[in-house]
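J.: Attaching a single structure in structure tokens format; questions to follow.
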Ligand code: SF4
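Numbering (this note's numbering), first residue to last: 10 to 242.
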């Protein structure tokens, strides 16, 4: 009884909506999946279990912030801080902290033991996010703090602002924006369907139906109609 009620609580809270602007988490990720989010393409519903894991990640962030608010050596300048409004992207960094000499953008990531143990450096997709935070906050240094949610062990990595990487990420987003406006479905990831993002992708069925080609979203929908295929479009 409780399991069903708790599952329903999570599933009711998370209603998949059409996306209207980029989030920092989209940067450097599969452009086709982001295109589908903008077009509200049919997607596999996220399991309540996965939504609870996200919630658990949020509680871990709060635990870390509680300790940072208490230590004397660090000052929390701001927590849960939105990037300044601009046209292309929105996002919220976990915190901006200061050691009295420098300011740092802090991004906290919770992960399972298997991934945590393998971490020798920060993950590329996490560096992308921090780079954009550094760019929009005009801060030179970032810290990626990984929390092993099974053991509560911590690993931290410093990230230095890299204007070349930021320029490339922003250019990719501008290119994708043009494709969204022109209704052109981008190509899948070069190593589709083996990329780790494909394993967790809610749009895998639609993506497979399109295959490795760039085509118009409208043409694709007509093609499905003519073949009497229904993917929920
Ligand atoms: S299945 Fe892979 S390539 Fe296709 S949209 Fe999803 S993440 Fe992108």
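Yeah, the Cβ is synthetic: ideal placement off N, Cα and C, and Gly gets one too. Here the structure is a predicted model, which is why all the values come from computation and not from measurement.
Alpha carbon to alpha carbon, what distance is there between residue 206 and residue 124?
T.: The alpha-carbon atoms of residue 124 and residue 206 are separated by roughly 15 Å.
J.: Would you kindly report the start and end of the unbroken alpha helix (DSSP H) that includes residue 138?
T.: Residue 138 -> alpha helix (DSSP H) spans 133 to 146.
J.: Are the CB atoms of residue 98 and residue 31 within a distance shorter than 8 Å?
T.: For residue 31 and residue 98, yes; Cβs fall inside 8 Å.
J.: Should the segment 73 to 84 be called in touch with the segment 48 to 56, which here means at least 3 C-beta pairs below 8 Å?
T.: These segments do not touch.
J.: Can you tell me which of the three DSSP states residue 50 falls into?
T.: Here residue 50 sits in coil by DSSP.
J.: Which runs of the beta strand (DSSP E), 3 residues or longer, sit entirely within the segment 78 to 134?
T.: As far as the segment 78 to 134 is concerned, its whole beta strand (DSSP E) runs of at least 3 residues are 84 to 91, 101 to 107 and 112 to 120.
J.: Distance, Cα to Cα, residue 120 vs residue 155?
T.: Cα to Cα, the separation comes out at about 7 Å.
J.: In chain order, what residues place their C-beta within less than 5 Å of a heavy atom belonging to ligand 1?
T.: Listed along the chain, these residues meet the criterion: 39, 41, 42, 197, 198, 201, 206, 207, 210, 212, 213 and 216.
J.: I believe residue 36 touches residue 138 by the beta-carbon criterion, under 8 Å. Please report the beta-carbon distance rounded to the nearest angstrom.
T.: Contact flag correct, Cβ pair sits at about 6 Å.
J.: Is the separation between the beta-carbon of residue 221 and that of residue 185 shorter than 8 Å?
T.: No, Cβ-Cβ distance for residue 221 and residue 185 is not below 8 Å.
J.: Give the range of the beta strand (DSSP E) segment to which residue 165 is assigned.
T.: Note, residue 165: beta strand (DSSP E), 163 to 169.
J.: So, at 8 Å on beta carbons, what are the nonlocal neighbours of residue 60 in its own chain, with the 5 sequence-adjacent residues on each side left out?
T.: Hits under 8 Å: 19, 20, 22 and 23.
J.: Among 118, 209 and 132, which one has its Cα closest to the Cα of residue 64?
T.: The candidate whose alpha carbon is nearest that of residue 64 is 118.
J.: What does residue 19 pair with, by DSSP beta-bridge criteria?
T.: None; residue 19 has no bridge partner.
J.: With 8 Å as the threshold, decide whether the Cβ of residue 169 is near any Cβ in chain B.
T.: In the structure shown, chain B cannot be found, because there is only a single protein chain.
J.: With the cut-off set at 8 Å, would you say residue 47 and residue 136 are in Cβ contact?
T.: No, Cβ-Cβ distance for residue 47 and residue 136 is not below 8 Å.
J.: In angstroms, rounded to a whole number, what distance separates the CA positions of residue 229 and residue 10?
T.: Distance between the alpha carbons of residue 229 and residue 10 is about 43 Å.
J.: So, are the CB atoms of residue 103 and residue 153 less than 8 Å apart?
T.: No, Cβ-Cβ distance for residue 103 and residue 153 is not below 8 Å.
J.: Express the C-alpha separation of residue 140 and residue 175 in angstroms, rounding to a whole number.
T.: If you take the alpha carbons of residue 175 and residue 140, they lie about 6 Å apart.
J.: For residue 225, which of helix, strand or coil comes out of DSSP?
T.: Strand at residue 225.
J.: Going by DSSP, what residue range makes up the alpha helix (DSSP H) through residue 219?
T.: Looking at the DSSP string, the run of the alpha helix (DSSP H) that includes residue 219 is 213 to 219.
J.: Cα-Cα, which of 78, 202 and 218 is closest to residue 108?
T.: Minimum Cα distance to residue 108 is reached at 78.
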